[in-house]
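In this note's numbering, the protein residues as written are 1 to 264. Note that CB positions come from ideal geometry on N, CA and C, so glycine has one too. Source: prediction; values computed, not measured.
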Ligand SMILES: CC(C)(COP(=O)(O)OP(=O)(O)OC[C@H]1O[C@@H](n2cnc3c(N)ncnc32)[C@H](O)[C@@H]1OP(=O)(O)O)[C@@H](O)C(=O)NCCC(=O)NCCS
């Protein structure tokens, strides 16, 4: 039984929500009238509002916009686009295809934002000496043969999205402790492993949203919001351009299981 006073759904009480208030002929999001939001704000500003509870200032608006644009698509081969295309190619509706794509978002694809932001936020709380904290983290992960989420990329040696996000974060005043920690870890990881494991877009978003004051538990949300338009475009293109159930993904496999045999 949860004894926390903030846990509102206690027996006999109405459960509470602070997101939207809906009455006949009236829709308010975080207290603001929907018509006014439609007239005065952009989509990414309202996303900031609904996630954080307050309106963004002009710097937060610009940073949020860039974060959401950064992950809109990364080609037809990441797990989410491939899954979306596979599901629609099998003769299923668009919503099922997009849901299939979203389900692939995990610790290795897109979902790394959550785990990475958790590491940054917990590490920054431990103290001021980011250099020692980063060394400790990298040695610990290396000893346990654990990958650090947010680092490494199959294609990019330097992720162009990270470069742009960090440039904007610097200009807009979001280059705080989390961002600095992200950079120190990148350097230590290269020194320890001898490999170039660049801070990828997930790691960059993790650092910037942490410096913007977002809870790491929202991490996957930023990637989902950003990538869904891309997945819809993949589903639509697959449906309208390709024949059903075409060969998708890597079909060049070799069987190495048991030789043909009979049940005794
Ligand atoms: C993104 C990723 C899957 C790309 O992998 P890849 O380029 O195909 O690299 P590999 O899986 O072949 O790994 C190559 C080596 O680098 C190491 N490595 C890769 N990413 C690492 C990381 N984040 N931390 C520590 N070591 C890492 C691997 O352990 C491997 O070491 P080994 O050669 O000693 O076995 C990988 O870097 C990763 O898992 N990163 C963490 C998850 C993440 O950030 N995902 C978001 C991607 S945008």
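Can you tell me whether residue i is buried or exposed, with buried defined as 16 or more other CB within 10 angstroms of its CB?
i	result
residue 69	exposed
residue 255	exposed
residue 1	A caution first: residue 1 carries a pLDDT of 48, below 50, which makes its placement in the model unreliable, though a value can still be read off. When all chains shown are included, residue 1 counts as exposed.
residue 13	exposed
residue 57	exposed
residue 220	buried
residue 15	exposed
residue 158	exposed
residue 202	buried
residue 249	exposed
residue 143	exposed
residue 257	exposed
residue 155	exposed
residue 11	exposed
residue 212	buried
residue 37	buried
Which whole-angstrom value describes the C-beta separation of residue i and residue j, a residue pair presumed to lie in contact below a C-beta threshold of 8 Å?
i	j	result
residue 18	residue 29	Residue 18 to residue 29, Cβ: 11 Å. No contact.
residue 223	residue 110	4 Å
residue 130	residue 181	5 Å
residue 108	residue 227	That belief does not hold up - the Cβ atoms of residue 108 and residue 227 are roughly 14 Å apart, past 8 Å.
residue 231	residue 101	4 Å
residue 44	residue 65	5 Å
residue 152	residue 200	7 Å
Checking 8 Å against the spacing of the C-beta atoms, do residue i and residue j come in under that value?
i	j	result
residue 225	residue 165	no
residue 59	residue 173	yes
residue 112	residue 210	no
residue 88	residue 99	no
residue 198	residue 72	no
residue 63	residue 168	yes
residue 163	residue 67	no
residue 265	residue 195	The question about residue 265 has no answer, for the chain in this structure spans 1 to 264.
How about residue i: is its Cβ closer than 7 Å to a heavy atom in ligand 1?
i	result
residue 250	no
residue 140	no
residue 203	yes
residue 112	yes
residue 234	no
residue 200	yes
residue 193	yes
residue 150	yes
residue 80	no
residue 153	yes
residue 108	yes
residue 227	no
residue 147	yes
residue 189	yes
residue 68	no
The segment 127-134 in contact with the segment 242-260 per 3-pair CB rule at 8 Å: Counting Cβ pairs under 8 Å, fewer than three are found: no touch.
Any 3 or more C-beta pairs closer than 8 Å across the segment 172-189 and the segment 137-147: The segment 172-189 makes contact with the segment 137-147, as at least three CB pairs between them are under 8 Å.
Touch test, the segment 190-209 against the segment 35-51, Cβ-Cβ under 8 Å, three pairs minimum: They do not touch, by the three-pair rule.
Contact the segment 226-236 vs the segment 73-91: 3+ CB pairs below 8 Å: A contact is defined here as three or more CB-CB pairs under 8 Å, and the segment 226-236 meets this definition with respect to the segment 73-91.
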